[in-house]
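Each remark here refers to the structure printed beneath this line.
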Amino acid sequence: MEAAEDNTTAPEREEKADALSSGPTGIAGSDLERRAASRLVEELESKGRAARLQEVRIPASESATLALHSAIVIAASLLGLKWPAIGATICLIATFSFYSERGLGLRLIGRAIPGRRTSNVLSPPPGPAWEEVEVILATGYDVPDSYPVGEWLSRRFSGRITTDRFLFYGGMIGTFAALMMRAVGIEDTSLDIFQTLTTAIPMAVIAAQIDRHLAGTPIATQEDLAPARDVMAAAQEADNESEGDSGVAVCLFGAEYAAAGGANTFFSDSRLKLKDGCALVNLVRGARASAPEVTGSEGDLMPTRMSPDLAASSPLKPKTVALRNETAATIARRRGLRATSVVGRGEAGVDLLLDASEGALPDDEAET
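Okay, structure coming up:
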């Protein structure tokens with residue numbers, strides 16, 4: 037599909053792009069997020085790229101998942117006071133389901149919660165053109181919802197203690213251990229205290245989700261669309277250098293901050309055919325004025341090893357960091373693609389995106 041001829045001048049095109057991208061985005065599944073997706077399609081088209089919305093269904097919110105699994109553990113603990121073996125079995129099932137969903141991206145008990153809808157912005161549109169894509173430049177365009185407790189834990193413990201780890205290791209495994217001791221006939225005051233403490237953890241997690249809900253919807257700004265604009269700028273520069281045949285695709289994923297929901301649905305589509313050796317370079321907005329970095333691992337309960345070597349030849353010499361959140365790059369790696377996330381912003385972030393993209397090309401193409 038060829039883009040229509042654009043006779044506007046460069047300043048006019050820039051003004052048009054700014055007008056199209058004006059206005060904030062929103063949290064996953066919100067009306068503001070859908071409006072932002074439509075604006076981003078128009079902006080890509082204004083840059084001479086064919087683009088389309090892909091409507092996708094994503095899992096329930098993280099808050100609902102945490103609350104559901106926490107409630108099951110509390111019920112198992114109470115039931116285990118009379119029937120320890122049954123309570124331990126239920127707790128084990130909840131623990132396995134939580135690990136599977138939050139660590140491996142496989143939903144089990146979470147399937148009982150209704151999902152939501154979001155949109156991916158894709159260029160090229162879905163179809164045969166993806167079989168020729170060499171590099172996918174990706175980022176999200178939604179904003180994370182408010183989570184006062186999660187943000188406090190991240191700041192206080194520098195990411196070493198998270199809600200997932202707190203609930204999984206302290207609440208779930210701890211409660212299971214207490215119930216198993218009861219099942220083999222151990223009964224004493226210290227065990228009662230231990231089980232009370234482990235059961236209090238999922239109760240605290242549920243309270244944190246209530247607080248999260250009461251915190252309300254975060255205030256979104258135009259700055260939240262900065263990563264999407266940086267990705268589009270990098271793609272446009274790659275297109276200009278190759279005279280429109282760069283082999284670069286753009287994916288602006290919905291629900292990126294909601295456990296990479298849009299990316300998960302995109303890469304799970306059996307109709308998607310990608311070229312052998314295709315790689316993904318994702319962009320995560322970093323701190324202002326900080327040097328751009330690349331991720332060596334991503335994920336919390338089950339970290340996924342990334343491909344920071346894609347940027348090994350970059351003159352920026354990025355530092356390799358670990359990211360607790362799941363991103364589109366995490367999902368791509370689980371599907372067998374080479375992938376990493378660039379943590380940065382602005383011109384330096386765009387430059388590192390381009391460097392990593394060049395590092396993802398086959399050797400013979402990179403040399404030419």
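With the sequence shown counted from 1, adding 36 to any position gets you my numbering.
Where is the CB? At the ideal position from N, CA and C, for every residue including glycine.
*Can you say whether N318 is buried or exposed, counting buried as having 16 or more other CB atoms within 10 angstroms of its CB?*
Residue mapping note: residue 318 aligns to position 282 of the sequence shown, counting from 1. Counting the other CB atoms within 10 Å of its CB gives N318 a total of 16 or more, which places it among the buried residues.
*In this structure, what does DSSP give as the bridge partners for K355?*
If you number the sequence shown from 1, residue 355 lands on position 319. DSSP lists E329 as the beta-bridge partner residues of K355.
_Quick check on the DSSP output: the beta strand (DSSP E) that includes R71 runs from which residue to which?_
Position 35 of the sequence shown, counted from the start, is the residue given in the question as residue 71. Here R71 belongs to no beta strand (DSSP E); instead the alpha helix (DSSP H) covers 67-82.
*Any idea what DSSP makes of R360, helix, strand or coil?*
On the sequence shown, residue 360 is found 324 positions in, with the first residue counted as 1. Here R360 carries a coil assignment [DSSP, helix/strand/coil].
*Could you give the uninterrupted runs of the beta strand (DSSP E) lying entirely in the segment 132-186, keeping only those of 3 residues or more?*
Counting whole runs of 3 or more residues, the segment 132-186 contains the beta strand (DSSP E) stretches 152-159, 171-176.
*How far does the beta strand (DSSP E) with I94 in it reach, from first residue to last?*
Taking the sequence shown and counting its residues from 1, one reaches residue 94 at position 58. Per DSSP, I94 belongs to the beta strand (DSSP E) from 88-94.
*Given 8 Å as the limit, is there contact between the segment 300-315 and the segment 365-377, that is, 3 or more CB pairs closer than that?*
The segment 300-315, when compared against the segment 365-377, does touch it at the 8 Å Cβ threshold.
*asked:* Quick check: the Cα distance between G372 and R218, rounded to an integer number of angstroms?
replied: The count along the sequence shown starts at 1 and reaches residue 372 at position 336. The count along the sequence shown starts at 1 and reaches residue 218 at position 182. Distance between the alpha carbons of G372 and R218: 43 Å.
*The alpha helix (DSSP H) spanning L346 covers which residue range?*
Taking the first residue of the sequence shown as position 1, residue 346 is located at position 310. L346 -> no alpha helix (DSSP H), and no H or E assigned at all.
*Could you give the residue range of the alpha helix (DSSP H) that holds R248?*
Mapped onto the sequence shown, residue 248 falls at position 212. Run containing R248: 225-250, per the alpha helix (DSSP H) assignment.
*If you draw a straight line from the C-alpha of L261 to the C-alpha of T61, how long is it?*
Residue numbering aside, residue 261 sits at position 225 when the sequence shown is read from its first letter. Residue numbering aside, residue 61 sits at position 25 when the sequence shown is read from its first letter. Approximately 7 Å between the Cα atoms of the pair.
_With 16 other Cβ atoms within 10 Å as the buried cut-off, status of V320_ = On the sequence shown, position 284 is the one that residue 320 refers to. V320 comes out buried.
*Beta-carbon proximity of G65 to T175, cut-off 7 Å*: Along the sequence shown, one-based indexing puts residue 65 at 29. Along the sequence shown, one-based indexing puts residue 175 at 139. Remark: C-beta atoms of G65 and T175 do not approach each other more closely than 7 Å.
*T331 and S393: beta carbons closer than 7 Å?*
As a first step, residue 331 must be located in the sequence shown, where it is residue number 295. As a first step, residue 393 must be located in the sequence shown, where it is residue number 357. Not a contact, by the Cβ cut-off of 7 Å.
_Enclosing beta strand (DSSP E) for T376 [first to last residue]_ = Against the sequence shown, residue 376 aligns to sequence position 340. If you look at T376, you'll find it in the beta strand (DSSP E) that goes 374-380.
*Anticipated Cβ contact below 8 Å, A251 with P184, distance rounded*: In the sequence shown, the residue the question calls residue 251 occupies position 215. In the sequence shown, the residue the question calls residue 184 occupies position 148. Confirmed, about 6 Å.
_Pairs of beta-carbons, one from the segment 154-166 and one from the segment 117-134, closer than 8 Å: are there three or more?_
No, the segment 154-166 does not touch the segment 117-134.
*Following the continuous beta strand (DSSP E) through R218, name the residue where it begins and the one where it ends.*
Stepping through the sequence shown from its first residue, residue 218 is reached at position 182. Note, R218: premise wrong, no beta strand (DSSP E); alpha helix (DSSP H) at 210-219.
*Taking the C-alpha atoms as reference points, what is the distance between I113 and R201?*
Taking the first residue of the sequence shown as 1, we reach residue 113 at position 77. Taking the first residue of the sequence shown as 1, we reach residue 201 at position 165. Residue identity check: residue 113 is Ser in the sequence provided, not Ile. Computed Cα separation, rounded: 19 Å.
*Are the Cβ atoms of G207 and T232 separated by less than 7 Å?*
To locate residue 207, count along the sequence shown from 1; it is residue 171. To locate residue 232, count along the sequence shown from 1; it is residue 196. It is not a contact, given that the beta carbons lie outside the stated cut-off.
*So what does DSSP say about R370, is it helix, strand or coil?*
Residue numbering aside, residue 370 sits at position 334 when the sequence shown is read from its first letter. Note: R370 maps to helix in three-state DSSP.
*May I ask you to report which of helix, strand or coil DSSP gives L102?*
Residue numbering aside, residue 102 sits at position 66 when the sequence shown is read from its first letter. Helix, per DSSP.
_Three-state secondary structure assigned by DSSP to T340_ = Taking the sequence shown and counting its residues from 1, one reaches residue 340 at position 304. Of the three classes helix, strand and coil, the one that applies to T340 here is strand, per DSSP.
*Should T44 be labelled buried (16 or more other beta-carbon atoms within 10 Å of its own) or exposed?*
Stepping through the sequence shown from its first residue, residue 44 is reached at position 8. Confidence in T44 is poor, its pLDDT being 48 and thus under 50, which makes the residue's placement too unreliable to answer from.
_Alpha-carbon to alpha-carbon, D312 and L390_ = Your numbering for residue 390 matches position 354 in the sequence shown. Your numbering for residue 312 matches position 276 in the sequence shown. Computed Cα separation, rounded: 20 Å.
*Which residues in the same chain have their Cβ closer than 7 Å to the Cβ of V386, if we skip the five residues on either side of it in sequence?*
Numbered from 1 along the sequence shown, position 350 holds the residue referred to as residue 386. D266, A269, A270, listed in sequence order.
*asked:* Just to confirm the assignment, what range does the alpha helix (DSSP H) spanning A264 have?
replied: Looking up residue 264 in the sequence shown gives position 228. A264 -> alpha helix (DSSP H) spans 262-277.
*Any idea what DSSP makes of F204, helix, strand or coil?*
The sequence position of residue 204 within the sequence shown is 168, counting from 1. Three-state result, F204: helix.
*Start and end residues, alpha helix (DSSP H) containing A299*: In the sequence shown, counting from the first residue as 1, residue 299 sits at position 263. Counting along the chain, A299 sits inside the alpha helix (DSSP H) bounded by residues 297-304.
*Find out if the Cβ-Cβ distance for the pair A375, S343 is shorter than 7 Å.*
What you label residue 375 is simply residue 339 of the sequence shown in a count that begins at 1. What you label residue 343 is simply residue 307 of the sequence shown in a count that begins at 1. Between A375 and S343, the C-beta gap is smaller than 7 Å, which places the two residues in contact.
*asked:* Assuming the contact rule is C-beta atoms closer than 8 Å, W166 and L308 should be a hit. Round their C-beta distance to whole Å, please.
replied: As a working note, residue 166 is residue 130 in the sequence shown. As a working note, residue 308 is residue 272 in the sequence shown. Their Cβ separation, rounded to whole angstroms, is 6 Å, which keeps W166 and L308 in contact under 8 Å.
*How about A96 and I145: are their beta carbons less than 7 Å apart?*
For the purposes of this step, residue 96 is identified with residue 60 of the sequence shown, where counting begins at 1. For the purposes of this step, residue 145 is identified with residue 109 of the sequence shown, where counting begins at 1. Taking 7 Å as the cut-off, the beta carbon of A96 is found no closer than this to the beta carbon of I145.
*When the distance is taken between beta carbons, is G395 closer than 7 Å to G322?*
In the sequence shown, residue 322 corresponds to position 286, counting from 1. In the sequence shown, residue 395 corresponds to position 359, counting from 1. Result no, Cβ atoms of G322 and G395 do not sit closer than 7 Å.
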